[in-house]
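Mapping of the sequence shown onto UniProt numbering: residues 1 to 438, in sequence order. Using N, Cα and C, we set each Cβ at its ideal position, and we do this for glycine too. Have a look at the structure below, then the notes.
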Amino acid sequence: MDRTPELPIEILHQILSRLSTKTAARTSVLSKPWLKACSTNPHLSFDESYFQNFQGKFLRIVDNTLERYRHENLPISTFKLCISFSNQTDCDGLVDKWLDIVVEKGVSQVALLAKSRSRSVSERYTLPAYTIFAMESLQELELNHCKVLKLKPILFEDSKIKCRNLKSLSLHYVTLSESTLDSLISCCSPQIMMISLHYCFGFSGILASHLPNLLSLNILCCPIEEVHIVDAPKLLSFECVNKDKLEPAYYSSGVDIFLRSFNIDTCQNLRRVEFVKATMDDTILFQLIQKLPFTKELSLSYCKYLKIMKISSSTLEVCSISNCECLLQAIFDVPNLLSLAISGQYRLPSLSFECVSSQCRIFIDYHYLWDAESFINLRRSLVELNDYRVDLTTSNILFSSFSSKSLRASGISDHHPTPQVENLTSISRNLTVIFHLL
Numbered sequence: 001m002d003r004t005p006e007l008p009i010e011i012l013h014q015i016l017s018r019l020s021t022k023t024a025a026r027t028s029v030l031s032k033p034w035l036k037a038c039s040t041n042p043h044l045s046f047d048e049s050y051f052q053n054f055q056g057k058f059l060r061i062v063d064n065t066l067e068r069y070r071h072e073n074l075p076i077s078t079f080k081l082c083i084s085f086s087n088q089t090d091c092d093g094l095v096d097k098w099l100d101i102v103v104e105k106g107v108s109q110v111a112l113l114a115k116s117r118s119r120s121v122s123e124r125y126t127l128p129a130y131t132i133f134a135m136e137s138l139q140e141l142e143l144n145h146c147k148v149l150k151l152k153p154i155l156f157e158d159s160k161i162k163c164r165n166l167k168s169l170s171l172h173y174v175t176l177s178e179s180t181l182d183s184l185i186s187c188c189s190p191q192i193m194m195i196s197l198h199y200c201f202g203f204s205g206i207l208a209s210h211l212p213n214l215l216s217l218n219i220l221c222c223p224i225e226e227v228h229i230v231d232a233p234k235l236l237s238f239e240c241v242n243k244d245k246l247e248p249a250y251y252s253s254g255v256d257i258f259l260r261s262f263n264i265d266t267c268q269n270l271r272r273v274e275f276v277k278a279t280m281d282d283t284i285l286f287q288l289i290q291k292l293p294f295t296k297e298l299s300l301s302y303c304k305y306l307k308i309m310k311i312s313s314s315t316l317e318v319c320s321i322s323n324c325e326c327l328l329q330a331i332f333d334v335p336n337l338l339s340l341a342i343s344g345q346y347r348l349p350s351l352s353f354e355c356v357s358s359q360c361r362i363f364i365d366y367h368y369l370w371d372a373e374s375f376i377n378l379r380r381s382l383v384e385l386n387d388y389r390v391d392l393t394t395s396n397i398l399f400s401s402f403s404s405k406s407l408r409a410s411g412i413s414d415h416h417p418t419p420q421v422e423n424l425t426s427i428s429r430n431l432t433v434i435f436h437l438l
């Protein structure tokens, strides 16, 4: 016997909030309590994808629902809208009207996921900035494919910025000016805990200060030249990804944006730092690490400007280097390093350790054995690491391209030092290569 209708309506609302829009709507036919729960559910989610080729019907449903909530004075705690458009006239005025109702209702979570049908960079839903900033109760904000109109200076003078309780800010494919972004972050600086910027345009730097509760900052494929985060004592994770391998071609400029100014040294609790395709050179990286006295994990991927880098840190425990194609040498002065992972390198860099923990384990994932020369280089690199614990992973992608005879002809002889590897993982069937390697 189904006894869920006997549950308090607040519990039914929570159940509905965890269901898809279509499934939640179907519960209304189960019983009168479920019908009431559906008609008063404070967690509103509207997704146009459920109304393919019926956009007009979708717009009417959203409009009628919000008008009913306004007329009956029903509360709304979360509002999510997924809508597509070919031009702003598709839903001209309606979205602004709906957001006005959302502001009136004191919504705490808002997600506006606009989708451009043509996927044009210039085709984004235009959103007045004052609509966003007027949400005093707002705690979570997510915008997708929007263009936020620039704020006028007078807006700041008459205290119309009210989103001081914002804890999570997520902007994807959003165009906004640098002054607007700075104003938004500074407005919610006392409470903000997470900032995520993906494929955003219109600004070249992030300048923020006095962020006492910020825990995570994630920047993906934004044309950033400057990052200055001052006084963020709780910041634990920072990720800066300059370009994504899955980046759509119509969002790619084809030009590297060089990170010329970077400062997060006052974030004393920062534990994890990740750079992917960050355009920083050896000097900038060295200076940056010196300013991060408490970082325990560092990840560097596709950083093509790194050539001879030195990492000096008394707290770093985990370091990973991947696909840094120009890296020739890596020097480590890291007394507490426990794990070093090297992968995706066409040629293994020379590794030297001025100071390292006796417990350090080195993980090498190498799959570029093109010929005998690459084999010899790998063997020499392993010999240089004989004093350390090394795990090696290889594959059989190109092992078949050379034989035992070609290896002997290249100068490998039995009196050469033998590499010492604790754990070898290989799916190669060419046992001759494995024999000569170890």
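Residues of its chain near K105, where Cβ-Cβ distance is below 6 Å and the 5 sequence neighbours each way are ignored: Against the sequence shown, residue 105 aligns to sequence position 105. Taken in chain order, the residues that qualify are I76.
Pairwise C-alpha distance: S339 and P419: Numbered from its first residue, the sequence shown carries residue 419 at position 419. Numbered from its first residue, the sequence shown carries residue 339 at position 339. So the alpha carbons of these two residues sit roughly 19 Å apart.
S426 versus N377 - alpha carbon distance: Against the sequence shown, residue 426 aligns to sequence position 426. Against the sequence shown, residue 377 aligns to sequence position 377. Computed Cα separation, rounded: 18 Å.
In DSSP terms, what G202 is bridged to: Taking the first residue of the sequence shown as 1, we reach residue 202 at position 202. According to DSSP, G202 bridges with nothing at all.
Identity of the residues DSSP links to V390 by a beta bridge: Here residue 390 corresponds to residue number 390 of the sequence shown, with the count starting at 1. In the DSSP output, where bridge partners are listed per residue, V390 has I362.
E123 versus V62: straight-line alpha-carbon distance, rounded: Counting from one through the sequence shown, the residue named residue 123 turns up at place 123. Counting from one through the sequence shown, the residue named residue 62 turns up at place 62. Spanning the two alpha carbons is a distance of roughly 23 Å.
Residue burial classification, R60 (beta-carbon count within 10 angstroms, cutoff 16): Stepping through the sequence shown from its first residue, residue 60 is reached at position 60. Exposed: under 16 other Cβ atoms inside 10 Å.
Three-state secondary structure assigned by DSSP to G43: Along the sequence shown, read from residue 1 onward, the residue named residue 43 stands at position 43. It is His, not Gly, that sits at residue 43 in the sequence shown. Of the three classes helix, strand and coil, the one that applies to H43 here is strand, per DSSP.
Chain-order list of residues whose beta-carbon lies under 6 Å from that of F286 (same chain, five-residue window excluded): Start at 1 with the first residue of the sequence shown, and residue 286 comes out as number 286. Only K310 meet the Cβ criterion.
Residue range of the unbroken alpha helix (DSSP H) whose run includes F375: For the purposes of this step, residue 375 is taken as the residue at position 375 of the sequence shown. 372-384 is the extent of the alpha helix (DSSP H) around F375.
Integer Cβ distance of P233 from Q268, believed to fall under 8 Å: Looking up residue 233 in the sequence shown gives position 233. Looking up residue 268 in the sequence shown gives position 268. Sure, about 6 Å apart at Cβ, within 8 Å.
Between the CA atoms of K162 and L155 - distance to the nearest angstrom: Position 155 of the sequence shown holds residue 155. Position 162 of the sequence shown holds residue 162. Low confidence applies here, because L155 scores a pLDDT of 46, under 50, leaving its location unreliable; read the following figure in that light. Their backbone Cα atoms lie some 11 Å apart in a straight line.
First through last residue of the beta strand (DSSP E) which encompasses F275: The sequence position of residue 275 within the sequence shown is 275, counting from 1. Per DSSP, F275 belongs to the beta strand (DSSP E) from 272-276.
Classification of C326 by the beta-carbon crowding that lies within 10 angstroms, buried from 16 upward: The residue labelled residue 326 in the question sits at position 326 within the sequence shown. With fewer than 16 Cβ atoms within 10 Å of its Cβ, C326 is classed as exposed.
Unbroken beta strand (DSSP E) run spanning S343, endpoints: Position 343 of the sequence shown, counted from the first residue, corresponds to residue 343. Counting along the chain, the beta strand (DSSP E) containing S343 begins and ends at 339-343.
Residue from T65, L328, C360 whose Cα sits closest to the Cα of residue 443: One cannot answer for residue 443 here, as it falls past the ends of the chain, which runs 1 to 438.
Integer Cβ distance of N218 from S183, believed to fall under 8 Å: The count along the sequence shown starts at 1 and reaches residue 218 at position 218. The count along the sequence shown starts at 1 and reaches residue 183 at position 183. Not quite, the Cβ-Cβ distance comes to about 20 Å (not below 8 Å), so this is no contact.
Contact under 7 Å by Cβ, L44 with C82: Your numbering for residue 44 matches position 44 in the sequence shown. Your numbering for residue 82 matches position 82 in the sequence shown. No.
Environment of Q52 [buried if 16+ CB atoms lie within 10 Å]: The count along the sequence shown starts at 1 and reaches residue 52 at position 52. Counting Cβ neighbours within 10 Å, Q52 comes out exposed, since fewer than 16 surround it.
Three-way DSSP call (helix, strand, coil) for I101 in this model: To locate residue 101, count along the sequence shown from 1; it is residue 101. I101 falls in the helix class under three-state DSSP.
V103 vs C146 beta-carbon contact at 7 Å: Sequence index remark: in the sequence shown, residue 103 carries index 103 (1-based). Sequence index remark: in the sequence shown, residue 146 carries index 146 (1-based). No; because the gap between Cβ atoms is not below 7 Å, this pair is not in contact.
Length of the line joining the Cα atoms of L149 and E142: As a working note, residue 149 is residue 149 in the sequence shown. As a working note, residue 142 is residue 142 in the sequence shown. The straight-line gap from Cα to Cα measures roughly 16 Å.
Supposed contact pair M135 and V110 - C-beta distance, whole angstroms, cut 8 Å: Taking the sequence shown and counting its residues from 1, the one referred to as residue 110 is at position 110. Taking the sequence shown and counting its residues from 1, the one referred to as residue 135 is at position 135. About 7 Å; that satisfies the 8 Å criterion.
Element boundaries [beta strand (DSSP E), containing V356]: For this step, residue 356 is matched to residue 356 along the sequence shown. Taken as a continuous stretch (DSSP letters only), the beta strand (DSSP E) holding V356 covers 350-356.
Cutoff 7 Å: L424 Cβ touching any chain C Cβ: Absence of chain C from the displayed structure is noted, only one protein chain being present.
Distance between L211 and P293 (C-alpha atoms, nearest Å): For this step, residue 293 is matched to residue 293 along the sequence shown. For this step, residue 211 is matched to residue 211 along the sequence shown. Going from the Cα of P293 to the Cα of L211 covers about 19 Å.
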